[in-house]
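Residue 315 in the numbering used here sits at position 79 of the sequence shown, with consecutive numbering throughout. No residue lacks a Cβ here, since even glycine has one placed at the ideal position from N, Cα and C. Written below as structure tokens is the structure these notes are about.
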Amino acid sequence: MKKRIVIAIDGPSSAGKGTVAKIVAQKLGFSYLDTGAMYRCVALTLKNNEVDINDDTKISEILNNTKIRLSSDNNKSLKVELNGKDVSKEIRTPEISRLSSDIATKISVRSFLTKLQREFAQNSNVVAEGRDMGTQVFPDAYVKFFIDASVEVRTNRRYLQLQQAGIKTDIENLRKDIQNRDYQDKNREIAPLHPAINAVIIDTTNLEIDQVVDIILKRTKGVFD
Ligand code: DC
237 MKKRIVIAID
247 GPSSAGKGTV
257 AKIVAQKLGF
267 SYLDTGAMYR
277 CVALTLKNNE
287 VDINDDTKIS
297 EILNNTKIRL
307 SSDNNKSLKV
317 ELNGKDVSKE
327 IRTPEISRLS
337 SDIATKISVR
347 SFLTKLQREF
357 AQNSNVVAEG
367 RDMGTQVFPD
377 AYVKFFIDAS
387 VEVRTNRRYL
397 QLQQAGIKTD
407 IENLRKDIQN
417 RDYQDKNREI
427 APLHPAINAV
437 IIDTTNLEID
447 QVVDIILKRT
457 KGVFD
């Protein structure tokens, strides 16, 4: 089988990874893999089933019956389905953001999703975005990026995104949530967030989306050679 190409993009929440990864994927004709959406789906299904996140047996039982499907609809926005139901919007609330970071510390959840993510990349070339793409899931990625930005800028970006999605939130709480999630994602025992040794680090604090996309595309030149 032909080896698929993976472009790995990691970084903390709201650094702009998703927006940039989606554009890069479109420009290169790759699939876009939003792994955060997968963690969010697991968080949502555990919440809906009222599972205690310390109950590993129950978590495994639920995961055995969990089907996650990511697809791009006609206007290229990402559609996320959990057990056949469109949850694209439901997974974006602040509550699910917090819970997804909590359940992402669990080895059963990480193994389940890592397998799914690798399977996704068997079918097409992908731009994979998350926290551990370059370090754990795709250590042999063609090129790896780590996208960061100041907490201030990330809070403002997230606030705008939530407003546009019609989700009401308080900006101070949002800042605290982002800081807490940063701490938890960077300090967990399994697959903590950090740049891969060979990652290109991009600080997007003072950059526009187009500028970040340009940097990535320049570094990705030669991908089809
Ligand atoms: O990228 P996001 O904000 O949608 O991710 C939600 C949470 O999922 C994040 O706080 C940590 C977890 N996550 C992870 O642990 N590993 C990934 N590859 C992607 C997300």
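L352 carries a helical assignment under DSSP once its states are collapsed to helix, strand and coil. Counting only runs of 3 or more residues that sit fully inside the region 283-311, the beta strand (DSSP E) segments are 304-308, in chain order.
Here F348 is near L299, since their CB atoms are less than 9 Å apart. Sequence-distant Cβ neighbours of T281 in its own chain, meaning closer than 7 Å and more than five residues away, are I298, T302, L318.
In the structure shown, L429 falls within a coil segment according to DSSP collapsed to helix, strand and coil. Taken in chain order, the unbroken stretches of alpha helix (DSSP H) that lie wholly in the region 398-430 and span 4 residues or more are 407-423. The Cβ atoms of D384 and I452 do not sit closer than 9 Å to each other. As for any beta strand (DSSP E) of minimum length 3 sitting wholly inside the region 325-392, the runs are 362-366, 379-384, ordered along the chain. For the pair V449 and K263, the CB atoms are nearer than the 9 Å cut-off. According to DSSP, L269 shares a beta bridge with A364.
In the three-state reduction of the DSSP assignment, I452 falls in the helix class. Cβ contact annotation for K294 (same chain, cutoff 6 Å, sequence separation greater than five): V287, in chain order. Look at D461 here: in three-state DSSP terms it is coil, with no helix or strand label. Between the ligand DC and R417, a heavy atom-to-CB distance of less than 8 Å is present. Shown here, I241 sits in coil according to DSSP, grouped into three states, outside any helix or strand. Within a 10 Å sphere around the beta-carbon of Y275 sit 16 or more other beta-carbons, which makes this residue buried. A contact is defined here as three or more CB-CB pairs under 8 Å, and the region 369-377 meets this definition with respect to the region 426-435.
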